[in-house]
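S.K.: Heads up: the sequence shown begins at 321 in our numbering, then just goes up one per residue.
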Amino acid sequence: RRLLENKVSPDVTNEDGLTSLHQCCIDDNEEMLKLLLEYGANVNACDSEMWTPLHAAATCGHVNLCRHLIERGAELLAVNADGNMPYDICEDEVTLDYIESEMAKRGITQEQIDNTRLTTERQMLNDLKELSAAGGDLEFRDPVGASMLHIAAANGYLDVVEFLLDHHVSVDPKDNESWQPIHAAAYWGQLDILELLVQNGADLDAKTKNNETPFDLSEDPDIKQRILDLKDEIETNKASRLRPGSSRRHKHTTRT
């Protein structure tokens, strides 16, 4: 309080871009959160991964903090660097029910949610185009080792994935848990992305640190079946190429 009374900004950040408001949401410190809001803390401040305080409170299941933030204008459709809104990463039922009820009160529709995500995809694509034009590294990683291809694959950003592959980024970078983009596509149910990655050489048998393949990580029966079909197609193509005589050249004969 003394620092705030001495006009120290409530929005000072640490090296990860976290404000005091973010930290209160992580620590479930309701009194400090209310004090920071009274002194004008930015309720929609973003850290280096584009997490807002509401993202932090939602993922931690701190429903009372979510109430204070939303009452002060927290953006319900804020999208973080992984493409997630606060309700996407909330597993606590009470907190999730509250957030979804607030979304319903504001008349937020699925179309609005989809359009917001699409805007995020367009922004990511534009940012990567600018980075590429400036000679930047399209293979850069975030603190957990995720590449832009991981993030685009997880979120179903097909245009971004196509752009990255067209610019010859590695199709199989590993994050800190040895997840490759193919694992992310399978886990998050992004079938179009999964197929595109396979077409570009991604390994359907690749394993994470926990020895999980894309098939193991998928909970969608249709995607699991498609993975099996793709593996069969790959094996069939291999067998066709190895079949004796399959690449035999026809001899030219000359009549005399």
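Ideal placement from N, C-alpha and C gives every residue a C-beta, glycine not left out.
Since the model is a prediction, treat every value here as computed from it, not as a measurement.
Let me check understanding here. Comparing Cα to Cα, which of W499, I513, S560, I543 lies closest to N531?
M.R.: Per the Cα distances, W499.
S.K.: Note down, in chain order, each residue of its chain lying with its Cβ closer than 6 Å to the Cβ of E395, except the 5 sequence neighbours on either side.
M.R.: Cβ within range, chain order: N364.
S.K.: Does DSSP classify R569 as helix, strand or coil?
M.R.: Annotation note: pLDDT 42 at R569 (below 50); position unreliable, no value reported.
S.K.: Give the DSSP-derived three-state secondary structure of R442 in the structure shown.
M.R.: If DSSP states are grouped into helix, strand and coil, R442 belongs with the helices.
S.K.: Distance check for S560 and D412, CA to CA, integer angstroms please.
M.R.: Taking the straight line joining both Cα atoms gives about 51 Å.
S.K.: Please report the Cβ distance between I451 and L445, rounded to the nearest whole angstrom; I am assuming they are in contact, meaning their Cβ atoms lie under 8 Å.
M.R.: Note on identity: in this sequence residue 451 is Leu, with Ile being the wrong assignment. About 11 Å; that fails the 8 Å criterion.
S.K.: Going by DSSP in three states, R575 sits in which element: helix, strand or coil?
M.R.: In this prediction, R575 has a pLDDT of 39, which is less than 50 and means its spatial position is unreliable; what the coordinates show is noted afterwards. Looking at R575 - three-state DSSP - the assignment turns out to be coil, as it is neither helix nor strand.
S.K.: Tell me which same chain residues have a C-beta within less than 8 Å of the C-beta of V489, skipping the five on either side of it?
M.R.: Here the set comprises L458, E459, S467, M468, L469.
S.K.: So for S340, helix, strand or coil by DSSP?
M.R.: Of the three classes helix, strand and coil, the one that applies to S340 here is helix, per DSSP.
S.K.: Rounded to a whole number of angstroms, what is the C-alpha to C-alpha distance between P330 and Q343?
M.R.: If you take the alpha carbons of P330 and Q343, they lie about 12 Å apart.
S.K.: Start and end of the alpha helix (DSSP H) containing I460?
M.R.: Per the sequence shown, residue 460 should be read as Phe rather than Ile. Here F460 belongs to no alpha helix (DSSP H), and DSSP marks it neither H nor E.
S.K.: Across which residues does DSSP place S467 in a beta bridge pair?
M.R.: R461, per the DSSP bridge assignment.
S.K.: Run through DSSP, which three-state label would M352 get?
M.R.: M352 falls in the helix class under three-state DSSP.
S.K.: Determine the DSSP secondary structure at L514, reduced to helix, strand or coil.
M.R.: It is helical.
S.K.: Run the CB neighbour count on D336, radius 10 Å, all protein chains shown included, and call it buried at 16 or more, exposed below.
M.R.: D336 is exposed by the Cβ-count criterion.
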